[in-house]
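Structure record follows, encoded as C-alpha cells.
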Amino acid sequence: MIKLARETRTLIGMIHVGALPGSPRNDTTVELLAAQAAREARILATAGFDAIMIENMHDAPYIHGTHGPETTAAMTRIGLEVAHVTNLPLGVQVLSGGNREALAVAQSIGGSFIRCENFVFSHVADEGLLSRAEAGPLLRYRKQIGAEHIKVCCDLKKKHASHAITADVSIAECAEAAEFFGADAVVVTGSATGKPTDPADIAAVRKACSLPVLVGSGVTPQNIGRMFEHADALVVGSWMKKDGRWQNPPDGARAAQIVAAARREQ
C-alpha cells in the first residue's frame, strides 16, 4: 500500500503510457505499450521512487467522462505488466474524467490509488466543461465494487483549466470541501503539466485540511525542498524525463538525481 499520510515525504513517478488504441495518435499495439511501460517502471524503481502512477496522457485530444472498453482494457493490460516487474504501489489516472475506469483498473491490477481531477466543484478545462463533481457517484461506485482500500487523490483547481466559475472559492476552501466529501488526499498543481506549483497554495491547503497533500506538477531538484515544507508526497512526471519533457521516456540519471534530492530532505 502507498504511504499517503502526513509527513511521509513520498516520491511518486509518473509513467505517461503511449497513445492507446482508439486514440488519434496511436500507432502501435497494447503489447508494445505495456512492454515500454514496464521498461520505464524498472527505471523508476531502480532510481528509488516510492510509488508509480500510470496515465494515458498521450491520448490527447481528450474526451471527458465515460470511456470505451478498449481504454479500460488497455490500461489494465499495461498496469499488469508494470505490476509484474515491480512491487512498488501503483496508481492510475484515466484522462479525462475516467475515474470509474481508473478505479476498475486499479482494482484489477492490485493498485493502491487513483487520481481524480474533478472530485469537487466544476471546471472549464481544455477538454470542455467538467460540470459535475465526481465525489458522490465515484465513492458510491468504489463501495459497490469493494474497492474502498484504493485511495482517491483529488486535484484542487485542476491544471489546464479556467477557474472563473469558482473564482470566489479559495484553494483552501476547495481543500475543506474535498475533505468533507471523503477524499483520501488532495493534489495541488501549477497551471499546466511541468509548471511549478506555488508554495503558498501548498501551505494554504496544508493549513485548511487534515488530509495528505500531494504536489502534482513542476517538481525539480532545485525546488523539492520548498515543496516538502508543506507537502507529504510529490508526483514527478516531467523533470525526470529525457530533456525534462513529459513526452520523452525517463532518463535514469535524472530520475536518480531527483530521488537523491528528495532523500536529502528527509
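Using the working numbering, the first residue of the sequence shown is number 303, and each one after it goes up by one.
Every residue gets a Cβ at the ideal spot worked out from N, C-alpha and C, and that includes glycine.
These figures come from a predicted structure and were not determined experimentally.
Endpoints, the alpha helix (DSSP H) within which residue i is located
i	result
Ala449	That residue, Ala449, is in no alpha helix (DSSP H); it is neither H nor E in DSSP.
Cys476	Ile473 to Phe482
Val561	Gly554 to Arg566
Ile411	Asn401 to Ile411
His386	Pro371 to Val387
Pro501	Pro501 to Ala510
Leu322	That residue, Leu322, is in no alpha helix (DSSP H); it is neither H nor E in DSSP.
Val332	Val332 to Ala349
Gly527	Ile526 to Met529
Same chain only: Cβ atoms within 8 Å of residue i, ignoring 5 sequence neighbours per side
i	result
His369	Val396, Gly400 and Glu403
Lys569	What the structure shows of the chain is the stretch from 303 to 568, and residue 569 is not part of that stretch, so it cannot be assessed.
Lys390	In the sequence as presented, Lys is not what sits at residue 390; that position holds Leu. Excluding sequence neighbours, Leu390 sits near Ala343, Leu346, Ala347, Phe351, Asp352, Ala353 and Ile354.
Ile411	Thr378, Gly381, Leu382, Val384, Ala385, Leu392 and Val394
Option nearest residue i by Cα separation, candidates the options
i	options	result
Ile416	Gly367, Leu431, Glu357 and Glu429	Glu357
Ile473	Val515, Ser433 and Glu450	Val515
Ala353	Gly315, Thr373 and Val394	Gly315
Val407	Gly393, Glu419 and Ser398	Gly393
Thr310	Gly492, Ile504 and Ala535	Ala535
Ala321	Asn389, Ala339 and Phe530	Ala339
Ser512	Ala487, Gly496, Arg565 and Ala347	Ala487
Gly438	Val454, Thr348 and Asp470	Val454
Gln568	Phe530, Ile345, His451 and Val332	Phe530
Ala564	Ala349, Thr330 and Tyr443	Ala349
Leu431	Leu313, Val517, Val537 and Ser398	Ser398
Asn420	Thr374, Arg442, Ser414 and His366	His366
Val489	Ala469, Ser414, Cys418 and Phe483	Cys418
Per DSSP, cross-strand counterpart(s) of residue i
i	result
Gly315	Ile354 and Val538
Leu516	Val489 and Ala535
Lys543	Pro552
Ser464	Val426
Cys418	Cys456
Continuous beta strand (DSSP E) stretch holding residue i: start and end
i	result
Gln395	Leu392 to Gln395
Leu432	Gly430 to Leu432
His425	His425 to Ala427
Lys453	Lys453 to Asp457
Cα-Cα separation, residue i to residue j
i	j	result
Ala479	Val422	7 Å
Ser464	Glu429	11 Å
Leu440	Ala485	10 Å
His318	Ala435	25 Å
Val561	Ala343	14 Å
Ala505	Arg528	10 Å
Thr522	Trp541	6 Å
Ala510	Asp503	11 Å
Arg547	Asp553	10 Å
Pro501	Gly539	18 Å
Ile452	Ala376	20 Å
His532	Glu333	40 Å
Val507	Ala477	6 Å
Arg444	Arg327	31 Å
Met359	Leu458	19 Å
Gly413	Cys456	16 Å
Cutoff 6 Å; reference residue i; Cβ partners in own chain excluding five residues on either side
i	result
Ala363	Reading off the sequence, residue 363 comes out as Pro, not Ala. There are no such residues.
Ala449	Leu405 and Gln409
Glu372	Pro323 and Gly324
Ile467	Ser424
Glu481	Cys511 and Leu513
7 Å Cβ shell around residue i - same chain, five flanking residues per side excluded
i	result
Pro498	Gly492, Gly520 and Asn525
Ala336	Arg379, Ile380 and Glu383
Gly496	Ser519, Gly520, Ser540 and Trp548
Val387	Ala340, Ala343 and Arg344
Gln559	Pro523
His462	Ala427, Asp428 and Ala494
Residue i: CB within 7 Å of a non-hydrogen atom of the ligand MG
i	result
Asp534	Of ligands this structure carries none, so the ligand MG is not represented either.
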